[in-house]
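Chains as they are written, first to last, in UniProt numbering: chain C, 1 to 1150; chain Z, 1 to 378.
One structure is given below, encoded as structure tokens.
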């Protein structure tokens, strides 16, 4: 821009845009916080709320953190205005993860919205709810999704499908089965829109569970053209994987063309033409191994082989295998093949994907082309060529992607694209990357007939202003010339002309660009000459002549290398050699390092190859140069000089002095050595194809050439077998599952009662049976389509149970013995830890439903911690600060005592302290007359309305007089309307009022429920799935405690940890400590598997609530704790879980 | 799967940020992308679509427009993509869900201070099997226009031979029809079409069997199909550049004229070329039209229509950098032109039939050919 006009231009443009920007949201973006946003959010007008939210959005857009408005924004979720809702959702989704606790408050409204009559509202609620991504609400979301999956509106069902990956992202193992079942259900939908979204969900949730596809394969193929484009892309990939896993590769396809299939072909009686083609190609390769094959329909077998193996195994695996073992045969040999002609499934896939080659979405075309490339018979692959070429006429980036794919196709089957070489001619808008790819493709697909036109083009490109591209063109010319000996001469002429042309600019206008073109030209010439040096003598001489004018060191080096290498070829070169060597010797000192090295090498070689008569002259030149080199500044050159001198001492050293025989022998050795080193045939590095990586066509990995996250090679052919019983049972399971988040699989594989023996075996299996039957009833008719399994549902579970239950009981029974054994082994250590008061027998496998490794741990010991209650000290919170209360300080602590009046009341120990010097009169706490705004909905959330008549505060007796520095404690009984929202009270003192807020502690909404471990396990087993919530947190308190370590008798680390945890939990929540299980392991530092159980019941309705803490980690490190809450009250359970996690994670006071 | 979308301004500053999955991406990543200025992958197609829709909504795509309408942009992005997977990209449906900004809503918001652009109801089309069409739109005008818009790509090599000439064309339809009409379009010479791509509304089976386009059109303007016709022989205009260098000065002359008369007026003729970096200064004079040399050394000669009396020519000298005798590289000339009223590929529409319509609508056909990548090497 013009800086001098900057100021005015800017203000002008501002002024002019102001006019157009009236009525837009521009002012909100430019000055989002020029008004106070908070009051606007609380406004009762939707328009003001809207404005506030827009301002917040603007701040988010500009990268500010406005999460502090979260509580106020969340409140607005209840708004009826669609626009407010939408804006709140946008905000919520951005910050939900940051403020999980507040986000939970909105869940109720979402659940309400899910029942709205407007499908748009339902869909948005579901999307936002799933987008919040909190572990605790995953079960709720899953229920919502399964409800929405049966919604009458297509849009809502589509959103349900989209929500599944979000739930899956939370990585809760217990939900996996339910999610997969929902995916299967949605794949069965009759709307193409839903199928597309379901396919996307499938691809991200369970891409390997191809049996889900099997049920609907045909129908999915047929709806494919109607699915929206984005879904098509995913669905094509899934169908391809399924077809390969189910039927294997197609034997007519190019994927198998390299393999010797004659026996298979004859077995199956394949078409004659195919067999013939195969033989032809074999014969052809037998004849001309090195030459590129360009005849009709034949492909480069080794490339195709690599490509197909890479597709199946992933290039990294394939390459590593290829490197370490030269045995090419792999397990692929045992593959099953199928025929596209006989197999209906593959036929229908090809039939339904071929019209997609006309799609206007490039990615769809690419995906469809990929299917044909892998599955279609060779003669049909032609189909994909034109659509692919047509894709190039789009944006530069899509062009690049398409070319990357064409590059591989053309490498494998050059004949495919050979007739269309004109399409790869450069257009001026191409980027350098695109041009480079086009060049590579052009040199791959060139044929005898097209090479002349391609050369015409190349000649034009050489003059392109982009010198890097010109250099690449020169390289491509070299490649083509090596492929087609017929045109080699023309190429050489052109390249020589170019080299001399370029070298004329060498001195003055030498930019880097010119240098690389020249270098590449010489390099290409060298490569072409290398094919047939003897017939290109003139070219070498020409180059030697141009040495004078070429100044680029690397180029000079290459020419000098040729001098040495071809010094004994033809008639002319030996004649000019003496002159050349003298010239080189003369300019040796002014050369660059790399050229000097080449000069030394070349001289050595010349000497080696020289005949007797010239030997003397060369020897002189060489020793002159060696002398120069010995004094060179560069030590590489000095080294090289010494090396050559030693090596060629027999040539250099005067042969007139006769020396001993030993000397003679060593001379012979060095002569052979020198011959080997200088005269050895250098093998051209093997073609780059072997190191090339091939990824599936159309994948991102293919473009970036490394495995992008989520890349999967094709499945193993025929790995999916419908006769396989495991798949059948899988389907049975699926059918039983109503998709409500309950995880039955654990309910019978991991049965706690059968192990502990406190309940008999029959009753537990009854329970599980009832559960699974209930599940199948719950699904109703929705699963009728999976009729395959329906029959089995009613008898299978029983059989299943009895089968699985027994073997599972056995190892656990065995572990009893095991434990004793290990216990006696470690006895010495264990006895020394005096604090272990008692040993109970082994852990009754309480890892039920807990999907974490500690359940594998077989042996553990149970201890009881004595005097723990003595150490429990409830947390004291301030109700009124002396600074605010004229010297009156009021503190409160939740008490573990229970109210005798009503179960809804919570007991508080309130202490009034007079910090002032004057006495205080008439102290009393009373209810705030004004009810809280949101208590209405809040109460509905937790408590049934039957208790509505219980007052918020049981009236307390007035404290008549409180003397200076006197303290009075009073027991208060309070009813909180909601377990998160504070209760507003008014404190009377000396006739004045102070508003105070009593914050509830969810930990005291329960009372201890004493039970033994057996009952605990049984109860826990009754609260699976959506009644179970888990979260992880880090616990660090114990470290400080352990470091104190001076208390004798309690120095057992585990015990200290357990006590820390138990005290912390019991100080903050009114629970009963059921048991403490300790792992017994060789490693005393490893606290993993330590398990604490607490039980309690809700005050309001006596619903039991179980808490389990499982530790992971070592004693002196921060411990990873898995907190699990089992409770029927969903919202309460979630909030409790959050509370426990927070209190454990917060560091100890003091 | 996309993880996040950032909209950047021309200076690389983040205008908007939208996180799509649980894995948050820090906005500092943008700086890297800005330096690399590359974006590749299959998601790219979706980003193009987003850009299309946004510019469709905002009437352009620049920093100010995004700032002005950031709420709409957010709302649109939210509708278009969910958890990294495209949700609704059909512009017709989006328009019903989120109203584009227009004069009326602007005025309303100024006057009343309230206006909502979020629709209260779910567009019915989401449920239909033709999601691209609004359910039962009512149009007062009953008309349909079919335009053949073609772009001619050609390469003319240094020695003046035609290396390649092909046409990339689009059939653009503008339909204002009521109800759920079913249209059939057939070409007189469909066989000349080399490659084709279709709008999702086109039924693919009839094309496979009879090369007939059968479709239920979306409302308004849309691209029915695109096609390519290869190996054409006739180009409408020629451009003959000549460069001769001598002792650091390069003489340039460019002649333009009609080669194969398309029998329709050719207008908007332009010739553009990039001066090589070694050119220090240029002195160019045309005998018709105007020449502009832009900051990035692009010369643009706009001719407009060809005059009747003379052949337009451009001549002048280029001064080369010191030490250069001759011009080492040669620029490529990009030619632009427009021919109204004809499709140079020769594609002809045979007939357009209607089904399911109460009254016969008005039909209009037009052709237009532009230069695409029409390059002449010197």
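Where is the CB? At the ideal position from N, CA and C, for every residue including glycine.
Item                                                                                                                                                                                                            : Value
If you follow the beta strand (DSSP E) that residue 101/C is part of, which residue opens it and which one closes it?                                                                                           : Segment 100-105 is the alpha helix (DSSP H) holding residue 101/C; no beta strand (DSSP E) there.
Please determine if the segment 437-446 of chain C and the segment 300-316 of chain Z are in contact, where contact requires at least 3 C-beta pairs separated by less than 8 Å.                                : no
Taking the straight line between their C-alpha atoms, what separation do you get for residue 214/Z and residue 231/C?                                                                                           : 23 Å
Determine, for residue 101/C, whether the minimum Cβ-Cβ distance to residues of chain Z falls below 8 Å.                                                                                                        : no
Which residue from 577/C, 126/C, 119/C and 107/C puts its Cα closest to that of residue 136/C?                                                                                                                  : 107/C
For residue 155/Z, go through chain C and note every residue whose CB falls closer than 7 Å to its CB, in chain order.                                                                                          : 425
Assuming residue 236/Z contacts residue 337/Z under a Cβ cut-off of 8 Å, what Cβ separation, rounded to an integer in Å, is found between them?                                                                 : 7 Å
Along the chain, which unbroken stretches of the alpha helix (DSSP H) at least 4 residues long are found entirely within the segment 407-446 of chain C?                                                        : 414-417 and 432-445
Could you have a look at residue 575/C and say whether DSSP puts it in helix, strand or coil?                                                                                                                   : helix
Against chain C, does residue 91/Z count as a neighbour if the rule is that its beta carbon must be under 8 Å from one of theirs?                                                                               : no
Is there a C-beta anywhere in chain Z that falls below 8 Å from the one on residue 135/C?                                                                                                                       : no
Is the beta carbon of residue 46/C closer than 8 Å to that of residue 79/C?                                                                                                                                     : yes
Would residue 1087/C and residue 1060/C qualify as a contact pair, given that the criterion is a beta-carbon distance under 8 Å?                                                                                : no
Run through chain Z and tell me which residues come within less than 7 Å of residue 395/C, C-beta to C-beta.                                                                                                    : 48
Please report how far the alpha carbon of residue 1217/C lies from the alpha carbon of residue 201/C, in whole angstroms.                                                                                       : The question about residue 1217/C has no answer here: the residues shown for chain C are numbered 1 through 1150.
Checking contacts by CB at 8 Å: is residue 234/Z closer than that to chain C?                                                                                                                                   : no
Go ahead and label residue 621/C buried or exposed: buried means 16 or more other beta carbons lie within 10 angstroms of its beta carbon, across all protein chains shown.                                     : buried
Of all the CB atoms in chain Z, is at least one closer than 8 Å to the CB of residue 241/C?                                                                                                                     : no
Measuring alpha carbon to alpha carbon, tell me which of 973/C, 1053/C, 523/C and 885/C ends up nearest residue 927/C.                                                                                          : 973/C
If residue 161/C and residue 125/C are in contact, beta carbons under 8 Å, what's the gap, nearest whole angstrom?                                                                                              : Not confirmed; about 16 Å, so no contact.
Since residue 157/Z and residue 460/C should fall inside the 8 Å C-beta cutoff, what is the C-beta to C-beta distance between them, to a whole number of angstroms?                                             : 6 Å
The alpha helix (DSSP H) with residue 145/C in it runs from where to where?                                                                                                                                     : 138-148
Leaving aside the five residues before and after residue 342/Z along the sequence, list all residues of the same chain whose C-beta is less than 7 Å from its C-beta, in chain order.                           : 262, 264, 367 and 369
Does the Cβ of residue 125/C lie closer than 7 Å to at least one heavy atom of the ligand ATP?                                                                                                                  : With respect to the ligand ATP, the structure offers nothing, as it holds no ligand at all.
Could you check whether the segment 318-333 of chain Z touches the segment 160-171 of chain Z, counting it as contact only if at least three pairs of C-beta atoms, one from each stretch, sit closer than 8 Å? : no
I need the straight-line Cα distance from residue 1135/C to residue 16/Z, nearest angstrom please.                                                                                                              : 34 Å
For a contact meaning CB atoms closer than 8 Å, what does residue 429/C contact in chain Z?                                                                                                                     : 373
I want to verify the contact list: residues of chain Z whose CB lies under 8 Å from the CB of residue 189/C, in sequence order.                                                                                 : Simply none; closest approach about 12 Å.
Output the distance between the C-alpha atoms of residue 313/Z and residue 148/Z, rounded to the nearest integer angstrom.                                                                                      : 32 Å
Indicate whether the contact test is met: 3 or more Cβ pairs, each with one atom in the segment 1120-1127 of chain C and one in the segment 1098-1109 of chain C, closer than 8 Å.                              : yes
Where do the ends of the beta strand (DSSP E) carrying residue 238/Z lie?                                                                                                                                       : 237-246
How far does the beta strand (DSSP E) with residue 333/Z in it reach, from first residue to last?                                                                                                               : 332-340
In whole angstroms, give me the CA-to-CA distance for residue 392/C and residue 374/Z.                                                                                                                          : 16 Å
Rounded to whole angstroms, what is the Cα-Cα separation between residue 283/Z and residue 272/Z?                                                                                                               : 15 Å
Who are the Cβ neighbours of residue 359/C in its own chain at under 8 Å, not counting the five residues just before and after it?                                                                              : 229, 232, 365 and 368
Can you give me the start and stop residues for the beta strand (DSSP E) that residue 893/C sits inside?                                                                                                        : 888-898
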